[in-house]
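J.:
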DNA sequence: ATTATATCGGATAAAATTATCCGACTTTTA
DNA sequence: TAAAAGTCGGATAATTTTATCCGATATAAT
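Chains as they are written, first to last, in my numbering: chain A, 1 to 145; chain B, 1001 to 1145.
See the structure below:
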């Protein structure tokens, strides 16, 4: 509802890759789509977008797969993942779809929604991959079903 | 992004009808889609759903159109409009698309998102049509562009 | 070098959402 | 009672999103 399916898969995939990278492993497409329970071919497309967007790195050939530079992990934000997949994602957008909605010329829901929008923006800008992959290793959080 | 286009049109249409009803006017399809700048035929479909969902009433024939019972206006919530159009809209849904995500078995974003979800739920359940149509009459709020 | 294992990239298909068209029906007004 | 002004409902089309397939290409291991 807030994210597209592609984005959902993309975020879940990235979190899994992050956690595996921290473990010095390099999962491939099959591993990933199995782990996050997503359609393999569709996931491949999304991973390509994430590579283009420099959120993850790919390694071709035998023993290849996808990985994330461990040192950069704290700097990759949820926003970066979303932007890599839905280029025109925008949390500034009006909840009723008005192009010109603003503080000065608000839609009827604007003032009721702006706090939510601000929190959403904050979450996307501040949450990083370390935060997200943290709960995974000890099974506190899940990526599928 | 959070609502479908159909929902956006539906909410805007309902707010306009509400404000006109308070003024003892009864706009028809053409009036409405002109006022909220939406495709006429598509808007017709959405208005039908709102009638079925008892959010608005329709009056056929010459001088007909759409209206809302003034006395019920304070009881019609944003949630009711959304539910009439996206039957399976659900603010409880997991932000990463997991069916079983919960407090006990959270996805990695769950705890970061749950406050936002709660506010969203609150907004949808508490905001009524009087709140929404209020700013319209004196031009404080807008419904198009 | 050859082979096995991967990603990459383009074409295509399926499904959902958004949008249009039009004939049927209903109600008011003249 | 006829005409005009509306909504209703079904069929259909266009667009976007989701999903699949497969040949090309790159890399590691043997």
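Glycine included, each C-beta is placed from N, C-alpha and C at the ideal position.
Check distances from the C-beta atoms of the region 103-123 of chain A to those of chain B and list, in chain order, the residues that come in under 8 Å.
T.: Answer set for the region 103-123 of chain A: 105, 106, 107, 108, 109, 110, 112, 113, 115, 116, 119, 120 and 123.
J.: Opposite residue 65 of chain A in the DSSP bridges: which residues?
T.: Bridge partners of residue 65 of chain A: A:59.
J.: Is there at least one Cβ from chain B nearer than 7 Å to residue 14 of chain A's Cβ?
T.: Not an interface residue.
J.: Using 7 Å as the limit for Cβ to Cβ distance, is residue 1001 of chain B near chain A?
T.: Residue 1001 of chain B counts as touching chain A.
J.: Hey, could you find the ends of the alpha helix (DSSP H) residue 7 of chain A is sitting in?
T.: 5-22 is the extent of the alpha helix (DSSP H) around residue 7 of chain A.
J.: Taking all protein chains shown into account, do 16 or more other C-beta atoms lie within 10 angstroms of the C-beta of residue 64 of chain A, making it buried, or fewer, making it exposed?
T.: Classification of residue 64 of chain A: exposed, given that the 10 Å Cβ count is below 16.
J.: Which same chain residues end up closer than 6 Å to residue 9 of chain A when comparing Cβ atoms and leaving out the 5 residues on each side of it in sequence?
T.: Contacts found: 38, 43 and 46.
J.: Please list the residues of the region 35-48 of chain A that have a C-beta atom closer than 8 Å to any C-beta atom in chain B, keeping them in chain order.
T.: Here the close residues number zero.
J.: First and last residue of the alpha helix (DSSP H) that includes residue 119 of chain A?
T.: Per DSSP, residue 119 of chain A belongs to the alpha helix (DSSP H) from 110-126.
J.: Would you say the region 1020-1028 of chain B touches the region 119-131 of chain A, given that touching needs at least three Cβ pairs under 8 Å?
T.: No, the region 1020-1028 of chain B is not in contact with the region 119-131 of chain A.
J.: For residue 1103 of chain B, count neighbouring C-beta atoms within 10 Å of its own C-beta (all shown protein chains included) and say buried if the count is 16 or more, exposed if not.
T.: Exposed, since its Cβ has fewer than 16 Cβ neighbours within 10 Å.
J.: When the distance is taken between beta carbons, is residue 116 of chain A closer than 7 Å to residue 1120 of chain B?
T.: Yes.
J.: Are the C-beta atoms of residue 61 of chain A and some chain B residue less than 7 Å apart?
T.: Taking Cβ atoms only, chain B never reaches closer than 7 Å to residue 61 of chain A, which makes this a no.
J.: Check this for me: beta carbons of residue 74 of chain A and residue 1108 of chain B, under 7 Å apart or not?
T.: The answer is no: Cβ separation not under 7 Å.
J.: Could you pull out every residue in the same chain whose Cβ sits closer than 7 Å to the Cβ of residue 1089 of chain B, ignoring the five residues on either side in sequence?
T.: 1082 and 1083.
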